[in-house]
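Student: The sequence shown: position 32 = 35 (this note's numbering), numbered continuously. Glycine included, every Cβ here is placed at the ideal spot set by N, Cα and C.
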Amino acid sequence: MAEAHQARVHAVVEDMVQSLERDHIRVMQGHMFRCSADCCDRSTDSMSVVHNCIERCHTPMAKAQAQVTSELEKFQDRLCVDDHVNLIPSMTRRIKDNLDSIE
Numbered sequence: 004m005a006e007a008h009q010a011r012v013h014a015v016v017e018d019m020v021q022s023l024e025r026d027h028i029r030v031m032q033g034h035m036f037r038c039s040a041d042c043c044d045r046s047t048d049s050m051s052v053v054h055n056c057i058e059r060c061h062t063p064m065a066k067a068q069a070q071v072t073s074e075l076e077k078f079q080d081r082l083c084v085d086d087h088v089n090l091i092p093s094m095t096r097r098i099k100d101n102l103d104s105i106e
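1) Taking all protein chains shown into account, do 16 or more other C-beta atoms lie within 10 angstroms of the C-beta of A10, making it buried, or fewer, making it exposed?
2) Should V52 be labelled buried (16 or more other beta-carbon atoms within 10 Å of its own) or exposed?
3) So what does DSSP say about T62, is it helix, strand or coil?
4) In its own chain, which residues sit with a C-beta less than 8 angstroms from the C-beta of M31, not counting the 5 before and 5 after it?
5) Quick one: what does DSSP say D44 is sitting in, helix, strand or coil?
6) Using CA atoms only, rank isn't needed, just tell me which of V12, R45, V71 is closest to I28.
7) Buried or exposed: which applies to M50, given that a residue is buried once 16 or more other Cβ atoms fall within 10 Å of its Cβ?
8) For S73, which option in T95, A40, S22 has the closest C-alpha, if you only look at C-alpha atoms?
9) Could you check which residue in T47, F36, L75, N89 has the C-alpha nearest to that of I57?
10) In this structure, how does DSSP classify N101 when only helix, strand and coil are distinguished?
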């Protein structure tokens, strides 16, 4: 019985992570890589300026990864199958809202 509950939670969380990756993270990664490529195209800038530019491009993605990791850790810390599976939609909305607000 416990294994079935664990499998159910795992499947729901995996679906959520796949959805977030497909709908938000992948888009953010595209922006990050294009931004970084634009930094590298700045041939007159110094190495330091280009490096700082690339770091700024990576900041939103780092914030997004930290947000997802934090929410998943909180969820895992208070895991109680039936009660918490029902929390996944609201957690997903919160993560999506936070990902959408990261510039």
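Tutor: Taking the coordinates as given:
1) Reading the sequence shown from its first residue, position 7 is the one you call residue 10. Its Cβ having fewer than 16 others within 10 Å, A10 is exposed.
2) Indexing the sequence shown from 1 puts residue 52 at position 49. Its Cβ having fewer than 16 others within 10 Å, V52 is exposed.
3) Start at 1 with the first residue of the sequence shown, and residue 62 comes out as number 59. In the structure shown, T62 sits in a helix (DSSP, three-state: H, G or I).
4) Taking the sequence shown and counting its residues from 1, one reaches residue 31 at position 28. Taken in chain order, the residues that qualify are P63, M64, A67, L102, I105.
5) Here residue 44 refers to the residue found at position 41 when the sequence shown is read from its first residue. In the structure shown, D44 sits in coil (DSSP, three-state: anything other than H, G, I, E or B).
6) Along the sequence shown, read from residue 1 onward, the residue named residue 28 stands at position 25. The shortest C-alpha separation from I28 is found at V71.
7) In the sequence shown, residue 50 corresponds to position 47, counting from 1. Result: exposed.
8) Taking the sequence shown and counting its residues from 1, one reaches residue 73 at position 70. If we check each option's Cα against that of S73, T95 comes out closest.
9) Walking along the sequence shown from the start, residue 57 turns up at place 54. Residue F36 is the option with its Cα nearest to I57.
10) Translated into positions along the sequence shown, residue 101 becomes position 98. In the structure shown, N101 sits in a helix (DSSP, three-state: H, G or I).
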